[in-house]
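Have a look at the structure below before the remarks.
Residue numbers (the working numbering): 1213 to 1804.
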């Protein structure tokens, strides 16, 4: 097991982690139960199941006692000798308790020598393996989480910089602009016709006022706002990007890459195969049958494993498919041996059902070896060093996600723009016209009507130019909160005067952060610090005194989160500790 255990001479130390032991117990009990059912008469099946159920509960209790004892003694790590000693103690107690149970439950035990061999296999192999892998589990998950973040970030950046994505951006904005310009053009035409009318101020005002209600433009703003919210649950991938989701997308690529570059040793395939079939040989086979069957079976597994290794090292076009077939064939060897052996040494209790030896065992062996292949130290190292590219499936998924995020963010931005820059001015113009009529001031009436027509002639002008420098942009986003909360703003001089379209993106991100801090966190005091990173990016650190903790699990990704993902390519994080929320975000502030 060189893929899991370091060399013995290096005297490694392993964390005593029992997290996988319960799962191992369940699988072991199921496996043992299936094999023992084949050896007994139907009349004692219930007794066997009862014994196994009690035995499983007892093992859970034993593991809990052992873990509690070790923690109480502050023993958290051990070497090979400690693992073997612990494994033998647990396996030995397990067997002793099973013997005690047979005093009360009528189940016949196997031969003592057989039970002793199985205890050795469990104590020297399976229990240490479960403890070692359990100790690595947290590290493996963390590596995949970090890999996920880097993968998503890199994929986002790549897609956002691609010509295809820029075409999508242009297409989305072009449609929104066209709808806005068409509706504004119709309103402008109607207002111009009314202005040229020679009717009285009151008559013209009566015609203008219904138009200034902006029902069509208001409907467009509402439609865009609804679109920005209606798609929030459209992408499960976008809502819950956990490592298993990413791994499911990357599994084939990761396995193929590892199998070609760091294939498992033929001895690993052979040893795992041997350990898996050993309990069956021990429990069922006579010495004569063992001598006849095991050496050829072992040799066949070793030869096929060597052939598999050679095929993978050649990295041919179909090497992965050929390797998969060979692994399944190795798993199929016990069925082949069983069919041949039954022809020569027919024993009823060793005539195993095809479902067990021809289906479950080959599939179990196949998936177990694939799991070992991607959990090698080299696999973790390759993932950490970003030697893998995003799979086409992931590229497609992230591309779809970013497109949805972008569509929602743009729709949201235009909805706010139409409401704030156009509908508000229409409402203000309506009031001015009413005042002009009341004052019988035709000049002011015509000026107000002319001004709104100028805006309607080019309704997207302010959207294109609506940004200042970074400091003024951030300050404008904080102004609405004046008097409600205390905000401390610290912007580094090197970035304060930056002025480009991305400044507005940054301002929207700040607005979302502050809004969420107040609405969801109940914050009263917020500190905002903006600094350059030295590589063309800026870093924002926001801390507050939120009284409401973050949810343990985010049920869905809201529009605000998607805006943050869009502007930062996912390079942000948030944490809550002791009535203090800390938010970090890094984003590029310069246009590509």
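Each residue gets a CB set at the ideal place from its N, CA and C atoms; glycine is no exception. The model shown is predicted, which means the values in this text are computed figures rather than measured ones.
Leaving aside the five residues before and after residue 1752 along the sequence, list all residues of the same chain whose C-beta is less than 6 Å from its C-beta, in chain order.
-> Residue numbering aside, residue 1752 sits at position 540 when the chain shown is read from its first letter. Result list for residue 1752: 1742 and 1797, in chain order.
Using the C-alpha atoms, what's the distance from residue 1331 back to residue 1167?
-> With the chain represented from 1213 up to 1804, any question about residue 1167 goes unanswered, as that position is not in the structure.
If you pair each beta-carbon of the region 1404 to 1411 with each one of the region 1635 to 1655, do three or more pairs fall below 8 Å?
-> No contact exists between the region 1404 to 1411 and the region 1635 to 1655.
CB contact flag (residue 1733, residue 1758, <8 Å) | Walking along the chain shown from the start, residue 1733 turns up at place 521. Walking along the chain shown from the start, residue 1758 turns up at place 546. Result yes, Cβ atoms of residue 1733 and residue 1758 sit closer than 8 Å.
Local Cβ density within 10 Å of residue 1334, reported as buried at 16 or more and exposed below that | As a first step, residue 1334 must be located in the chain shown, where it is residue number 122. Burial call: buried.
Starting from residue 1651 and walking both ways along the alpha helix (DSSP H), at which residues does that stretch end?
-> Within the chain shown, numbered from 1, the residue matching residue 1651 stands at position 439. Start and end: 1636 to 1651.
Proximal residues to residue 1245 (C-beta, below 8 Å), its chain only, five neighbours per side dropped | Here residue 1245 refers to the residue found at position 33 when the chain shown is read from its first residue. The residues are 1260, 1261 and 1264.
How many whole angstroms separate the CB atoms of residue 1472 and residue 1524, which I take to be in contact at a CB cut-off of 8 Å?
-> Within the chain shown, numbered from 1, the residue matching residue 1472 stands at position 260. Within the chain shown, numbered from 1, the residue matching residue 1524 stands at position 312. Going by Cβ atoms, the distance from residue 1472 to residue 1524 rounds to 6 Å, so yes, they are a contact pair.
Please state if the CB of residue 1365 and the CB of residue 1781 are separated by a distance shorter than 8 Å.
-> In the chain shown, the residue the question calls residue 1781 occupies position 569. In the chain shown, the residue the question calls residue 1365 occupies position 153. Between residue 1781 and residue 1365, the C-beta gap is smaller than 8 Å, which places the two residues in contact.
Mind checking whether residue 1369 and residue 1295 have CB atoms under 8 Å apart?
-> The residue given as residue 1369 occupies position 157 in the chain shown. The residue given as residue 1295 occupies position 83 in the chain shown. No. Outside cutoff.
Inter-residue Cα distance where the pair is residue 1516 and residue 1725 | Position 304 of the chain shown, counted from the first residue, corresponds to residue 1516. Position 513 of the chain shown, counted from the first residue, corresponds to residue 1725. Take the alpha-carbon of residue 1516 and the one of residue 1725: they are about 59 Å apart.
May I have the straight-line CA-CA distance separating residue 1388 from residue 1792, to the nearest angstrom?
-> For the purposes of this step, residue 1388 is identified with residue 176 of the chain shown, where counting begins at 1. For the purposes of this step, residue 1792 is identified with residue 580 of the chain shown, where counting begins at 1. Here the C-alpha atom of residue 1388 lies approximately 40 Å from the C-alpha atom of residue 1792.
Whole-number beta carbon distance between residue 1744 and residue 1702, since they are thought to touch under 8 Å = The sequence position of residue 1702 within the chain shown is 490, counting from 1. The sequence position of residue 1744 within the chain shown is 532, counting from 1. Actually they are not in contact, since the Cβ atoms of residue 1702 and residue 1744 sit about 13 Å apart, beyond 8 Å.
Name the one or two DSSP bridge partners that residue 1631 has.
-> The count along the chain shown starts at 1 and reaches residue 1631 at position 419. None; residue 1631 has no bridge partner.
For residue 1657, which three-state DSSP category applies?
-> As a working mapping, residue 1657 is identified with position 445 in the chain shown. In this structure, residue 1657 counts as helix in the three-state DSSP scheme.
Would a C-beta distance cut-off of 8 Å place residue 1172 and residue 1739 closer than the cut-off?
-> One cannot answer for residue 1172 here, as it falls past the ends of the chain, which runs 1213 to 1804.
Residue 1153, DSSP secondary structure in three states | The chain is shown only over 1213 to 1804; residue 1153 falls outside these bounds and no answer can be derived.
What does a CB cutoff of less than 8 Å around residue 1304 pick up in its chain, not counting 5 residues either side in sequence?
-> By one-based count along the chain shown, residue 1304 stands at place 92. Contacts found: 1331 and 1335.
Any alpha helix (DSSP H) of 4 or more consecutive residues that is wholly inside the region 1220 to 1307 | Here the runs fully enclosed are 1233 to 1249 and 1257 to 1284.
Helix, strand or coil: which one does DSSP assign to residue 1498?
-> For the purposes of this step, residue 1498 is identified with residue 286 of the chain shown, where counting begins at 1. Three-state result, residue 1498: coil.
Nearest-angstrom Cα separation, counted from residue 1578 out to residue 1489 = On the chain shown, position 277 is the one that residue 1489 refers to. On the chain shown, position 366 is the one that residue 1578 refers to. Residue 1578 has its alpha-carbon roughly 14 Å from the corresponding atom of residue 1489.
Using alpha carbons as the reference points, say which of 1697, 1575 and 1401 lies closest to residue 1537.
-> Position 325 of the chain shown, counted from the start, is the residue given in the question as residue 1537. In this structure, 1575 is the residue among 1697, 1575 and 1401 with its C-alpha nearest to the C-alpha of residue 1537.
Could you spell out where the beta strand (DSSP E) holding residue 1717 opens and where it closes?
-> Within the chain shown, residue 1717 is the residue found at index 505, counting from 1. No beta strand (DSSP E) contains residue 1717, which is instead part of the alpha helix (DSSP H) from 1713 to 1731.
Apart from the five residues on each side of it in sequence, which residues of its chain come closer than 8 Å, Cβ to Cβ, to residue 1240?
-> Indexing the chain shown from 1 puts residue 1240 at position 28. 1334 and 1338.
Beta strand (DSSP E) containing residue 1315: first to last residue?
-> Numbered from its first residue, the chain shown carries residue 1315 at position 103. First-last for residue 1315: undefined, no H or E at that position.
Secondary structure of residue 1785, DSSP reduced to three states | The count along the chain shown starts at 1 and reaches residue 1785 at position 573. In the structure shown, the three-state DSSP call for residue 1785 is strand.
Assign residue 1585 to one of two classes, buried (16 or more other C-beta atoms within 10 Å of its C-beta) or exposed (fewer than that).
-> Along the chain shown, one-based indexing puts residue 1585 at 373. So residue 1585 counts as buried.
Compare the Cα-Cα distances from residue 1394 to each of 1794, 1694, 1670 and 1789 and report the closest residue.
-> The residue labelled residue 1394 in the question sits at position 182 within the chain shown. Checked all of 1794, 1694, 1670 and 1789; the closest Cα to residue 1394 is 1670.
Look at the alpha carbon of residue 1693 and the alpha carbon of residue 1721, and state the distance between them as a whole number of angstroms.
-> Translated into the one-based positions of the chain shown, residue 1693 becomes position 481. Translated into the one-based positions of the chain shown, residue 1721 becomes position 509. Using only the alpha carbons, I get a separation of about 15 Å.
Three-state secondary structure (DSSP) of residue 1740 | By one-based count along the chain shown, residue 1740 stands at place 528. Residue 1740 falls in the strand class under three-state DSSP.
At a Cβ threshold of 8 Å, is residue 1620 touching chain B?
-> The structure shown contains no chain B; it holds only a single protein chain.
Tell me, please, whether the region 1422 to 1435 touches the region 1632 to 1642 by the rule of three or more beta-carbon pairs shorter than 8 Å.
-> Three or more pairs of CB atoms, one per stretch, sit closer than 8 Å, so the region 1422 to 1435 contacts the region 1632 to 1642.
6 Å Cβ shell around residue 1253 - same chain, five flanking residues per side excluded | Along the chain shown, read from residue 1 onward, the residue named residue 1253 stands at position 41. For residue 1253, the predicted model reports a pLDDT of 47, less than 50, meaning its position is unreliable; a value from the coordinates is still stated below. Around residue 1253, the same chain offers no residue with a beta carbon nearer than 6 Å, after the five sequence neighbours per side are excluded.
Of the residues 1413, 1292, 1492 and 1402, the one placed nearest residue 1424, counting alpha carbons only = Numbered from its first residue, the chain shown carries residue 1424 at position 212. Ranking 1413, 1292, 1492 and 1402 by Cα distance to residue 1424 puts 1402 first.
Tell me the DSSP bridge mates of residue 1800?
-> Along the chain shown, one-based indexing puts residue 1800 at 588. According to DSSP, which records beta bridges pairwise, residue 1800 is partnered with 1749.
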